[in-house]
Amino acid sequence: MKTDPVEPADLARSVISVPPLPRLASGSLSADETARLIDWLVAGGVSTFLFGGNANLYNMGVREFGALLDLLEYVTPDDGWTIPSIGADYGKASDQLDALRERDFPTAMLLPASAATTPAGVATGLRRLADRYGRPLVAYVRNEGYLAPRDLAALFEDGAICALKYAIVHTNPAVDATLSAMLDAVGSAERIVSGIGERPVIAHLGEFGLAGFTSGSVCIAPHLSTAILHALKGGDSHAAAELRAHFLPLEDLRDAYSPIRVLHEAVRLAEIAETGPLAPFLANIDDASTLAEIETASKRLRAVSKRHSG
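The opening position of the sequence shown corresponds to residue 1 in the UniProt record's numbering, with each subsequent residue numbered one higher.
Shown next as structure tokens:
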């Protein structure tokens with residue numbers, strides 16, 4: 001497992017998968033099913049695993065966090081890199097770091113809080129959390145006004161953060177004043193990754209030059225998602241667009257019903273791993289027609305990915 005400091009090359013070497021977190025019927029974490037999912041990702045060329053929103057870590061308590069870290073250490077390949085997430089609120093993140101700093105993970109991502117924040121307050125929180133951890137964190141921006149560009153640049157310069165996951169949704173991802181302002185302030189895209197999956201990736205990597213991208217649907221089609229990354233690194237946006245088209249039916253369902261909940265069911269319905277129950281405050285999708293849509297889209301996507309693997 002990667003334990004050395006995070007470098008820009010680490011953000012670009014693999015699609016950064018954002019998997020769901022399998023649980024047993026009892027609600028406890030499932031090491032075996034998580035390992036099955038990781039093995040499928042590795043088979044498709046993925047070596048980086050970010051456990052965050054899709055793993056429903058927003059709703060994980062401090063007492064279960066140590067068990068999660070045990071599991072992540074168990075399932076991570078020797079040459080793999082796993083990033084746990086903390087927060088989203090400052091108090092929980094601070095308490096979780098007490099367990100995390102006893103481990104060898106080189107960084108953790110701070111989940112973005114959805115209320116009771118100001119840009120200056122978020123910057124101060126990131127700085128204090130990094131000081132408590134003794135290592136830089138990954139920042140995650142998914143809403144306008146969450147973190148000011150000048151503060152982002154200062155956090156990078158001072159070593160409080162080692163990467164940014166950028167996930168503000170725009171109808172046209174090629175026109176993004178916020179991302180442009182952040183890049184101007186930071187002065188380089190080498191530590192910023194696209195954080196919204198395959199849909200905006202051509203604009204984010206091809207036009208803005210971001211280092212890499214995160215994906216949830218890579219859990220269904222790792223070979224295809226990896227091929228998109230390679231195509232964009234090679235400057236072939238046409239090939240990347242053709243590959244991306246296979247993801248859109250599932251991504252449309254995730255946008256329509258819930259990115260986290262749909263992916264959780266899709267991994268199970270595509271017969272990749274048994275994901276089990278979602279922890280509260282989320283609940284599994286139980287509508288039969290919705291599940292049928294997810295099953296059709298996920299199985300088709302997995303089949304294309306397997307064919308692409310050769």
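Idealized CB from N, CA, C, for every residue including glycine.
Straight through space, the alpha carbons of Leu11 and Val201 are spaced by roughly 14 Å.
In this structure, Arg103 keeps its C-beta atom at 8 Å or more from the C-beta atom of Ser47. A distance below 8 Å between beta-carbons, with the five flanking residues on each side excluded, links Tyr146 to the following residues of its chain, in chain order: Pro112, Thr117, Pro119, Val122.
According to DSSP, residue pairing for Ala139 in a beta bridge involves Leu164. In the structure shown, the three-state DSSP call for Ser14 is coil.
For the pair of segments examined, the segment 180 to 193 was found not to touch the segment 222 to 239: the number of CB pairs separated by less than 8 Å stays below three.
With fewer than three CB-CB distances shorter than 8 Å, the segment 133 to 143 does not count as touching the segment 30 to 38.
Taken through DSSP and simplified to helix, strand or coil, Phe49 comes out as strand. Taking 8 Å as the cut-off, the beta carbon of Leu72 is found closer than this to the beta carbon of Pro84. Secondary structure of Ile294 (DSSP, three-state): helix. Taking Glu198 as reference, the option from Asp255, Asn56, Val175 with the minimal CA-CA separation is Asp255. Under the three-state reduction of DSSP output, Arg300 falls in the helix class. The alpha-carbon of Lys306 is positioned some 10 Å away from that of Ala43.
For the pair Gly212 and Ala167, the CB atoms are not nearer than the 8 Å cut-off. Closest option to Arg132, judged by alpha-carbon separation, among Leu243, Ala153, Ala160, Arg150: Ala160.
Of the other Cβ atoms in all chains shown, fewer than 16 fall within 10 Å of the Cβ of Lys233; this residue is therefore exposed.
Per the DSSP secondary-structure output, Ser215 pairs in a beta bridge with Ser17. In the three-state scheme derived from DSSP, where H, G and I count as helix and E and B as strand, Met1 is classed as coil. Val75 sits away from Gly52, with the two beta carbons spaced by 8 Å or more. Every beta strand (DSSP E) of 3 residues or more that sits fully in the segment 166 to 233 is shown, in chain order, as 192 to 194, 212 to 215.
Under the 10 Å beta carbon count, Arg63 is surrounded by fewer than 16 other beta carbons and is classified as exposed.
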